[in-house]
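Colleague: Numbering (our numbering), first residue to last: 1 to 826.
(1) What runs of the alpha helix (DSSP H), each 4 residues or longer, lie entirely inside the region 531 to 598?
(2) Can you grab the Cα-Cα spacing for the pair residue 172 / residue 122, in whole Å?
(3) Provide the residue(s) that pair with residue 56 in DSSP beta bridges, ordered along the chain.
(4) Out of curiosity, what's the CA-to-CA distance linking residue 432 and residue 629?
(5) What are the start and end residues of the alpha helix (DSSP H) that includes residue 326?
(6) So, at 6 Å on beta carbons, what are the nonlocal neighbours of residue 544 in its own chain, with the 5 sequence-adjacent residues on each side left out?
(7) By alpha-carbon positions, which one of 488, 410, 689, 471 ends up nearest to residue 844?
(8) Is the separation between the beta-carbon of residue 119 and that of residue 278 shorter than 8 Å?
(9) Give the single residue among 531, 135, 296 whose Cα lies nearest to the Cα of residue 206.
(10) Whole angstroms are fine: how far does the CA of residue 403 sit from the CA of residue 7?
(11) Let me check understanding here. Comparing Cα to Cα, which of 541, 566, 315 lies closest to residue 663?
(12) In this structure, how does DSSP classify residue 22 when only helix, strand and coil are distinguished?
(13) CB residue 701 to CB residue 709, shorter than 8 Å?
(14) Buried or exposed for residue 467, please, with buried defined as at least 16 other CB atoms from any protein chain shown within 10 angstroms of its CB.
(15) Hey, is residue 595's beta-carbon within less than 8 Å of any beta-carbon in chain C?
(16) Determine whether the beta carbon atoms of residue 229 and residue 54 lie at a separation below 8 Å.
(17) Please check the pair residue 619 and residue 639, which I expect to be a contact at CB under 8 Å, by giving their CB distance rounded to whole angstroms.
(18) So residue 424 and residue 597 are in contact, right, with Cβ under 8 Å, and what is the actual spacing, rounded?
(19) Mark residue 783 as exposed unless 16 or more other C-beta atoms lie within 10 angstroms of its C-beta, in which case mark it buried.
(20) Across the region 682 to 694 and the region 236 to 254, are there enough close Cβ pairs to call them in contact, namely three or more that are closer than 8 Å?
(21) Looking only at C-alpha atoms, which of 226, 305, 74 sits nearest to residue 143?
(22) For the beta strand (DSSP E) that residue 885 lies in, which residues bound it at each end?
(23) Locate the alpha helix (DSSP H) running through residue 115, then write down its first and last residues.
(24) Which of helix, strand or coil does DSSP assign to residue 162?
(25) In chain order, what residues of the same chain lie with their CB nearer than 7 Å to the CB of residue 22, ignoring the 5 residues before and after it?
(26) Would you kindly check if the distance between the Cβ of residue 658 and the Cβ of residue 484 is under 8 Å?
(27) Keeping to the same chain, check which residues put their C-beta closer than 7 Å to that of residue 675; ignore five residues upstream and five downstream.
(28) Does the distance from the C-beta atom of residue 415 to that of residue 342 stay below 8 Å?
(29) Taking 8 Å as the threshold (C-beta atoms), are residue 246 and residue 789 in contact?
(30) Beta strand (DSSP E) containing residue 263: first to last residue?
(31) For residue 728, which residues of its own chain have a beta-carbon under 8 Å away from its beta-carbon, when the five flanking residues on both sides are left out?
(32) Out of 481, 470, 558, 86, which one is the CA nearest neighbour of residue 231?
(33) Residue 116 and residue 65: beta carbons closer than 8 Å?
(34) So within the region 686 to 757, which uninterrupted alpha helix (DSSP H) runs reach at least 4 residues, ignoring any that extend past its ends?
(35) State the start and end residues of the unbroken alpha helix (DSSP H) segment that holds residue 276.
(36) Determine the contact status of residue 280 and residue 386, defining contact as a CB-CB distance below 8 Å.
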């Protein structure tokens, strides 16, 4: 049986029409918002998130490290001088602690041959900051930036230290980046200089959140009808990355970091670092938070409140990690009392991803000032769109972004590798995934008549692994498994049924179950950005990990995200998609998400009930080849992941043909099909793994142990991939200055002066090309960096102006769409 039902009997989206739970049906709501379904052409032209209606912004979470000796870098010094360290040493001397507690921590401090300290803070002499930077620092240390009368934060003294008779700042790298740009702008004249003023404006985009530096788009980009907004968003991301690299080098020179033995590097990397994970297992959760949770100096009016909120998130996730043990036991995956207890401190907040937000100019304009009924309809529509889009998210995993990760045989304890999945899937799908994952990792292969799983003692498990050649597994995107990316609804409180307040009710349910806190947002793979909360109507894709390249991976991924979102609205507008097609039951929610998580693990198959009530999934399966009844699970269908992905592409090409043509996405779909046909050679996962293995000098990830592979991956991200991103960004800068920009800026005497100062009347393109080598080798001097930062800011400014001057999309109502520019994307 190759298909779940014959084509004559299949239930398709177009044949189902049931009333939704809201007074205004989805299709009717879209007509009220200006969508015209009277003809195919009018429908395509008026749909939200299609053509020139689409805007895009990107937020990147970056990895920061400090290179230097143990005696010069802040992290090891802070640990050694901490009360925590002194207390455990004293307790050891009194015989209250085993020797290994202190010995393991001392070994972690001493055994660092690469001298790489992930997420360490830096120490900056206060007197090296210019007046502008000092002023911004003083403001950021206020308890409430909108009410200076409240004075400084109560923890302000935590960010100051006396060293060698000189006052130093102790700050995370995320805040160092903001200070560096502020210092550069201040030395140029600050608000009195056009580039300085623009630099001060952009400095606010360097956020302090979680553990790693976060940076969001300097300006929105719009679709030009040729490939969607992806190419423009990739270029904008490249320009931000280049400016960030220049600021890192500027800070190293200007603030004396290199001279004092603190070399900072910032780059894209998806996983919490291996050494940071090891440290997390050696210290208490409270001390971990003191070392790594961001103080949130930038991006928040009440930064201390945000800092406490980040502590809350860490505490909740750590508690949930321990609570997952009982869920695994209830699911039958832990059959005995012998388990490997996870650390009391969870490190998942140190993961790094990319969030892509898409906005609709017309929908935002139509909803701006709309009544409560229409705003309720926005929620009703958004939940339905999210449920539809989730079916297509397996297309992105490993294809456009990835987080390759090796697991050894000894890691395969369900309480370790299943991580947060017990909160994201129901027990049936959890058991199916665990059984299939063990088979993929060859744990189900009988050895001397026994099916072996890790016993727990590390030395015994390592010995078995070597003797029996049990290598473990390579996972395409472990970040999506090691972090709570989506919580499952409860029976009483669905998260996506379209009713206002549904997520608040779900949070209360989860809080009562001890797995969440109502102050935290509901975690979703695809999250709606409501007009009343965000200032624009849109959706945020949170399923991206690490891209192999910006132009090659990020750009087409954004195009595909926009297509799937627009297609959802197309089906809603024509009455072919309602909430009834995807019932709001936890088991149905789990049914569609198990495909996504299976793709992250790299499982070749998944199982769906033959009588599933998810009519969207049923329609896709009707187009999927090689589907057959499961022999193991009666009443279930066995589906191949690869065939399912091909069916998704076929669905998009058939149902979204007009959208593909109008957005110029034909090449994106052709590229997607090629990636699916040759994942080893063309997918982001395949290319990243190939580069990592090249650094190791082996042809298979199973020729090395997990620690060696994962450390090699981190080294590649820090060195090789960072250089590749930098070269790509440099090419964007060169293309920017190949145009006649001096003429474009001739009407502004301030920018003409900036141009002359940056280039010294030399050809800008020649200057840029001559400085590529020094920047790539991190040997550029302050004068060269000053010129390059100025030119980089000019290129960003000009790109932002081009976006503002681009033809506006036709609004879905009479409102002016250019007002959307005042809405903040984050």
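Idealized CB from N, CA, C, for every residue including glycine. Every value quoted in this text rests on a predicted model; they were computed, and no experiment measured them.
Modeller: According to the structure shown:
(1) Listed in chain order, the alpha helix (DSSP H) elements of length 4 or more contained wholly in the region 531 to 598 are 531 to 534, 555 to 573.
(2) Rounded to the nearest angstrom, the two C-alpha atoms are 6 Å apart.
(3) Its beta-bridge partners are 221, 358.
(4) The C-alpha of residue 432 lies about 15 Å from the C-alpha of residue 629.
(5) Looking at the DSSP string, the run of the alpha helix (DSSP H) that includes residue 326 is 303 to 330.
(6) Excluding residues up to 5 positions away in sequence, 353, 354, 401 lie with their Cβ nearer than 6 Å to the Cβ of residue 544 in the same chain.
(7) It is not possible to answer for residue 844, since the shown part of the chain is limited to 1 through 826.
(8) For residue 119 and residue 278, no; Cβs fall outside 8 Å.
(9) For residue 206, the nearest C-alpha among the options comes from 296.
(10) Legend: pLDDT at residue 7 = 35, less than 50; position of this residue unreliable, value from coordinates given subsequently. Between residue 7 and residue 403, the C-alpha separation is close to 38 Å.
(11) For the residues 541, 566, 315, the minimum Cα distance to residue 663 belongs to 566.
(12) Caution is warranted here: a pLDDT of 45 is assigned to residue 22, below 50, making its placement in the model unreliable, and the coordinate value is therefore given only provisionally. DSSP places residue 22 in coil when its eight states are reduced to three.
(13) In this structure, residue 709 lies closer than 8 Å to residue 701 by Cβ.
(14) Exposure of residue 467 is indicated by the presence of fewer than 16 other C-beta atoms within 10 angstroms of its C-beta.
(15) The displayed structure is made up of one protein chain only, and chain C is not part of it.
(16) With a cutoff of 8 Å on beta-carbon distance, residue 229 and residue 54 are scored as near each other.
(17) Incorrect: roughly 14 Å between the Cβ atoms, too far for contact.
(18) With a Cβ gap of about 7 Å, residue 424 and residue 597 count as contacting.
(19) Residue 783 sits exposed, since fewer than 16 C-beta atoms from the chains shown fall within 10 Å of its C-beta.
(20) Output reads no: the region 236 to 254 does not touch the region 682 to 694.
(21) For residue 143, the nearest C-alpha among the options comes from 305.
(22) The structure shown has nothing for residue 885, since the chain only spans 1 to 826.
(23) Counting along the chain, no alpha helix (DSSP H) covers residue 115, and no H or E run does either.
(24) The answer is strand: DSSP assigns residue 162 an E or B state.
(25) Summary for residue 22: the model assigns pLDDT 45, below 50, so the residue's position carries little reliability, and this model does not support an answer.
(26) The answer is no: Cβ separation not under 8 Å.
(27) Result list for residue 675: 399, 682, 683, in chain order.
(28) Yes. Within cutoff.
(29) Contact flag set, yes.
(30) 263 to 267 is the span of the beta strand (DSSP E), which, as asked, contains residue 263.
(31) Cβ within range, chain order: 238, 549, 550, 551.
(32) Among 481, 470, 558, 86, the Cα nearest to that of residue 231 belongs to 558.
(33) With a cutoff of 8 Å on beta-carbon distance, residue 116 and residue 65 are scored as near each other.
(34) Entirely contained in the region 686 to 757, the alpha helix (DSSP H) runs reaching 4 residues are, in chain order, 706 to 716, 722 to 737, 741 to 744.
(35) DSSP places residue 276 in the uninterrupted alpha helix (DSSP H) bounded by 274 to 280.
(36) Their beta carbons are not under 8 Å apart, which means residue 280 does not touch residue 386 by this criterion.
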